[in-house]
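Take a look at the structure set out below.
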Amino acid sequence: MPMVTGGWRRLVKPRAFQVPACPGRRRDSSLEGGLKVNDLTKSRLPDSAETPRGTARSATTEGYRVLATARVFEPGFRGGGPIRSLRFILDTLPDDLEVTLVTGDRDLSSPTPYPGLSGRLVRRDGRCAVFYLGSFALRHWVRLARHIRSRPLDLIYVNSLWSLFSVLPILAVALRLVRVRAIMLAPRGELSPGALAIKARKKRLFLAVWAPLLRWLDVRWQACSRLEEDQIRANMPWAQIMVNGNECPIPEQPAPRATAHDGPLRLVFVGRISPMKNLTRALEAVAGATRPLEFDIYGPREDEQYWVCCRRLIDAMPGHVRVRYLGELKADEVMATFSRYDAFLFPTLGENYGHVILESLASGCPVVCSDATPFSDLIADGGGAVVRPATAAALSETLDRLADRSAGERTEAKETAGRRYRLWRQQLRELNVLDHARRFCA
């Protein structure tokens, strides 16, 4: 990992940017695994509008102002889990946090902006507003800059390591165009081995330049699980990492489940059609099974070249397997869709969190998955299977075992999935992510 030399520090370190020193690499035991809601008292804090520019402000005595960025947000849905994470974070904000989320004015891969939203600052409630930015619209940038600089910022929270919606605000801080007390970066699984293996050379070159700057700016990191914490630390051994996976908008009670049957095993895939989600491996596994199967695929075709590979596999399926691509699902359709199937086949190359896994379990749909998610134990205990290693042959063998289950056994597996999800959900007691970040960066 490239290191920042003392000479380079002296050459470029801006005087105006002040980030409070963190206690080295020593972890704060009070934050380990996430603070508990019952351990902290929430209080209404006064608004910070009267604070003079440049005056140091205490996060415990005045309102805490956050600028969050993400490439895509509602009403978009093609971004998958990160959209739902952000929605949950914003919906559960403490009263004394004020957040502006800057996001794109259109969905992923969409040529047209959302109707009536481009360039607008839309207030969700008294604590949160969303600015829909057209990347090439100069007036949008002027309007956004005016809003950001109207009052001091306490935290910039970026969602992605590679996105311009993360790179640009960090560069703005480095160039002293924006003043902020702290920066937190949530890589959203982008540092997993599977993710780094895609376009590996470009990513290595980018990290060689970008990682020293992140270290120099004392950027803090959010991991959604211990698995992601290890992945971040493997690439950024100096990183100060906050672990908080409280990003689950799924209800505590499982959704009603459809009755299982003893016909062909009904499998489903829900997710972005991209190399990271490994749909080709799922198709190879289905083709290698010896029992009759029905496999339905839902999700946006994010990578058309990859979809061509998938189509070749679909066209070559044996006669006892039926495969259908059924288009995209909106967020409010996902759980009802899962409930109609016997299992969710998901040989992903890596998930930092895996909302879609929780949605499947909450819908009473067991999961057949690779061992590249934070939920391996939950999946195995929830009527499904974690396949190690997730080769096509090993997955095919697992699918044959599931297909041999009777209708009663399939129903029992669906009930187990919902019951196991409910127990997991009831134990989730972490702070709101941004509330935790405020304390972690103090």
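Per the numbering used here, the very first residue in the sequence shown carries number 205; after that it's consecutive.
We treat Cβ as the ideally placed atom computed from N, Cα and C, and that holds for glycine.
May I ask which residues mark the beginning and end of the alpha helix (DSSP H) holding D295?
-> Taking the sequence shown and counting its residues from 1, the one referred to as residue 295 is at position 91. Counting along the chain, the alpha helix (DSSP H) containing D295 begins and ends at G285 to D295.
Return the chain-ordered ranges of every alpha helix (DSSP H) run that is complete within the segment 285–366 and spans a minimum of 4 residues.
-> 285–295 and 342–352
Give the range of the beta strand (DSSP E) segment to which F281 is assigned.
-> Your numbering for residue 281 matches position 77 in the sequence shown. Segment: none, F281 is in no beta strand (DSSP E) and carries neither H nor E.
Got a sec? Which residues, its chain only, sit under 8 Å from S370 by beta carbon, not counting five neighbours each side?
-> For this step, residue 370 is matched to residue 166 along the sequence shown. Correct list, in chain order: T273, V362, N363, S364 and L389.
Since E498 is in the beta strand (DSSP E), which residue starts that stretch and which ends it?
-> Locating residue 498 in the sequence shown gives position 294, counting from the first residue. Unbroken beta strand (DSSP E) run through E498: L497 to Y502.
Whole-angstrom distance between F340 and L409, CA atom to CA atom = Here the question's residue 409 lines up with position 205 in the sequence shown. Here the question's residue 340 lines up with position 136 in the sequence shown. So the two alpha carbons sit approximately 26 Å from each other.
Going along the chain, which residues of its own chain have a beta-carbon closer than 6 Å to the beta-carbon of R385, five neighbours each way excluded?
-> Translated into the one-based positions of the sequence shown, residue 385 becomes position 181. Around R385: D358.
Take every Cβ of the segment 478–485, pair it with every Cβ of the segment 435–452, and state whether three or more of those distances are shorter than 8 Å.
-> no
For G531, which residues of its own chain have a beta-carbon under 8 Å away from its beta-carbon, when the five flanking residues on both sides are left out?
-> Stepping through the sequence shown from its first residue, residue 531 is reached at position 327. Excluding positions up to five away in sequence, the list reads Y502.
For Q426, is the classification buried or exposed, using 16 other Cβ atoms within 10 angstroms of its Cβ as the cut-off for buried?
-> By 1-based counting over the sequence shown, the position of residue 426 is 222. Classification for Q426: buried.
Apart from the five residues on each side of it in sequence, which residues of its chain come closer than 7 Å, Cβ to Cβ, to Y602?
-> Counting from 1 along the sequence shown, the entry for residue 602 is found at position 398. According to the sequence displayed, residue 602 carries Thr and not Tyr. V572, A589 and V591, listed in sequence order.
Residues near S564 by beta carbon distance below 6 Å, same chain, minus five either side = What you label residue 564 is simply residue 360 of the sequence shown in a count that begins at 1. F542, F548 and V571, listed in sequence order.
Are there three or more Cβ pairs, one per stretch, closer than 8 Å when the segment 434–445 is compared with the segment 517–530?
-> no
Just the Cα atoms here: how many angstroms apart are L372 and R470?
-> For the purposes of this step, residue 372 is taken as residue 168 along the sequence shown, with counting starting at 1. For the purposes of this step, residue 470 is taken as residue 266 along the sequence shown, with counting starting at 1. Each residue's Cα considered, the two are about 45 Å apart.
Evaluate E394 with the Cβ neighbour count: other Cβ atoms within 10 Å of its Cβ, from every protein chain shown; 16 or more gives buried, anything less gives exposed.
-> The residue labelled residue 394 in the question sits at position 190 within the sequence shown. Buried, because 16 or more other Cβ atoms sit within 10 Å of the Cβ of E394.
Per-residue DSSP class, three states only, for R275 = Locating residue 275 in the sequence shown gives position 71, counting from the first residue. The answer is coil: DSSP assigns R275 none of H, G, I, E or B.
If you draw a straight line from the C-alpha of P504 to the C-alpha of L312, how long is it?
-> For this step, residue 504 is matched to residue 300 along the sequence shown. For this step, residue 312 is matched to residue 108 along the sequence shown. Distance between the alpha carbons of P504 and L312 is about 9 Å.
State yes or no: is the C-beta of V303 within less than 9 Å of the C-beta of V326?
-> By 1-based counting over the sequence shown, the position of residue 303 is 99. By 1-based counting over the sequence shown, the position of residue 326 is 122. No, the pair does not count as a contact, with Cβ atoms beyond the cut-off.
Give the single residue among R605, A584 and E619 whose Cα lies nearest to the Cα of R544.
-> Start at 1 with the first residue of the sequence shown, and residue 544 comes out as number 340. The candidate whose alpha carbon is nearest that of R544 is E619.
Would L553 pass as a contact of Y625 if the rule is Cβ separation under 9 Å?
-> As a working note, residue 553 is residue 349 in the sequence shown. As a working note, residue 625 is residue 421 in the sequence shown. In this structure, Y625 does not lie closer than 9 Å to L553 by Cβ.
Alpha carbon to alpha carbon, how far is V276 from A489?
-> For the purposes of this step, residue 276 is taken as residue 72 along the sequence shown, with counting starting at 1. For the purposes of this step, residue 489 is taken as residue 285 along the sequence shown, with counting starting at 1. About 32 Å.
C-beta atoms of G558 and G285 nearer than 9 Å | Residue mapping note: residue 558 aligns to position 354 of the sequence shown, counting from 1. Residue mapping note: residue 285 aligns to position 81 of the sequence shown, counting from 1. Going by C-beta atoms, G558 is nearer than 9 Å to G285.
For H524, count neighbouring C-beta atoms within 10 Å of its own C-beta (all shown protein chains included) and say buried if the count is 16 or more, exposed if not.
-> Here residue 524 is taken as the residue at index 320 of the sequence shown, counted from 1. By the 10 Å Cβ count, H524 comes out exposed.
Tell me, to the nearest whole angstrom, how far the beta carbon of S396 is from that of N556; I am working on the premise that it is less than 8 Å.
-> Against the sequence shown, residue 396 aligns to sequence position 192. Against the sequence shown, residue 556 aligns to sequence position 352. Correct: roughly 7 Å between the Cβ atoms.
Simplified DSSP assignment, three categories, for Q426 | The residue given as residue 426 occupies position 222 in the sequence shown. Note: Q426 maps to strand in three-state DSSP.
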